[in-house]
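Numbering (the numbering used here), first residue to last: 32 to 289.
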């Protein structure tokens with residue numbers, strides 16, 4: 032494969048921890064091995080969780096780790112002015128509208144607590160699928176329609192096609208949040224396709240996201256996504272055996288401010 036493009040895609044919802052650093056280093060190593068180019072993309076669409084010090088910390092951590100990138104913002108100010116995902120909202124919304132026009136979307140009022148209470152495995156049952164809730168109703172999320180035999184797949188780092196029944200794994204996943212923002216799957220898919228990404232190195236916990244985004248790409252005709260190679264690496268675990276998480280207060284790798 033020629034012209035390989037890898038990406039780092041941290042979320043500025045907390046300080047960078049060891050698990051993030053592991054992904055950064057592995058991605059940079061894979062990119063170097065392939066003779067590719069590395070792009071920095073900061074997933075900052077959820078502005079309620081973004082703080083300036085978290086954005087700055089991404090740059091501080093990358094510099095501390097000795098990781099360089101060829102594309103994307105070089106500092107926090109450049110990111111905010113030219114690379115923030117908020118600047119790409121029209122692109123994400125256009126994809127949502129295409130799904131609406133194709134009747135691939137339904138509105139849902141169920142909260143996470145309601146879903147958890149009504150399901151033994153935590154999967155959404157499709158409770159709102161046939162309720163005909165208006166898409167413009169307040170405080171609703173949008174979910175993707177899918178048949179029970181819906182499958183999805185991607186190429187792994189060994190050039191092996193990996194396929195699964197997506198309905199069994201993640202039926203009716205969210206594509207627009209209750210606050211009206213495009214969901215992660217839409218934004219990440221659009222960015223990876225539009226920026227020409229060819230290789231994605233992400234944690235094993237995002238394998239389900241890979242299947243979900245591949246399904247959306249197939250529906251939307253974004254054929255370039257099918258050519259991406261995915262590597263899902265093991266997660267670093269804390270002393271409690273759980274994955275390191277910003278939301279759970281994982282110890283920050285560095286808090287240096289420049």
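For glycine and all other residues, C-beta sits at the position ideal for the given N, C-alpha and C. Quantities reported herein were computed from a predicted structural model and do not represent experimental measurements.
Helix, strand or coil at residue i according to DSSP, with G and I counted as helix
i: residue 172; result: strand
i: residue 178; result: coil
i: residue 232; result: strand
i: residue 205; result: strand
i: residue 264; result: strand
i: residue 81; result: coil
i: residue 90; result: helix
i: residue 68; result: strand
i: residue 154; result: coil
Alpha carbon of residue i to alpha carbon of residue j, nearest angstrom
i: residue 85; j: residue 75; result: 10 Å
i: residue 219; j: residue 92; result: 22 Å
i: residue 90; j: residue 152; result: 38 Å
i: residue 160; j: residue 234; result: 31 Å
i: residue 120; j: residue 127; result: 11 Å
i: residue 40; j: residue 175; result: 24 Å
i: residue 244; j: residue 204; result: 10 Å
i: residue 131; j: residue 179; result: 20 Å
i: residue 70; j: residue 35; result: 11 Å
i: residue 110; j: residue 87; result: 10 Å
i: residue 171; j: residue 140; result: 5 Å
N- and C-terminal bounds of the alpha helix (DSSP H) containing residue i
i: residue 62; result: 49 to 65
i: residue 39; result: First-last for residue 39: 36 to 39, but that is the beta strand (DSSP E), not the alpha helix (DSSP H).
i: residue 217; result: 215 to 225
Residue interval of the beta strand (DSSP E) (run including residue i)
i: residue 196; result: 192 to 196
i: residue 138; result: 136 to 139
Closest by C-alpha distance to residue i, when choosing among the options
i: residue 61; options: 139, 168, 163 and 231; result: 231
i: residue 260; options: 47, 65, 130 and 247; result: 65
i: residue 346; options: 77, 225 and 67; result: Residue coverage of the chain in this structure runs from 32 to 289, which leaves residue 346 outside it and unanswerable.
i: residue 124; options: 196, 148 and 211; result: 211
i: residue 135; options: 247, 190, 59 and 112; result: 247
i: residue 191; options: 257, 215, 99 and 143; result: 257
i: residue 199; options: 139, 217, 138 and 183; result: 183
Distance cut-off 7 Å: residue i Cβ against heavy atoms of the ligand ADP
i: residue 239; result: This structure does not include the ligand ADP; it has no bound ligands of any sort.
Min CB distance residue i to chain B below 8 Å
i: residue 233; result: Absent from the structure: chain B. Only one protein chain is present.
Checklist entry - Taking only runs of the alpha helix (DSSP H) that begin and end inside the stretch 235 to 259, which ones reach a length of at least 4 residues, in chain order? => result Listed in chain order, the complete alpha helix (DSSP H) runs (minimum 4 residues) inside the stretch 235 to 259 are 238 to 251.
Checklist entry - Going along the chain, which unbroken runs of the alpha helix (DSSP H) with 4 or more residues stay wholly within the stretch 98 to 128? => result Taking only runs of at least 4 residues, no alpha helix (DSSP H) segment lies wholly in the stretch 98 to 128.
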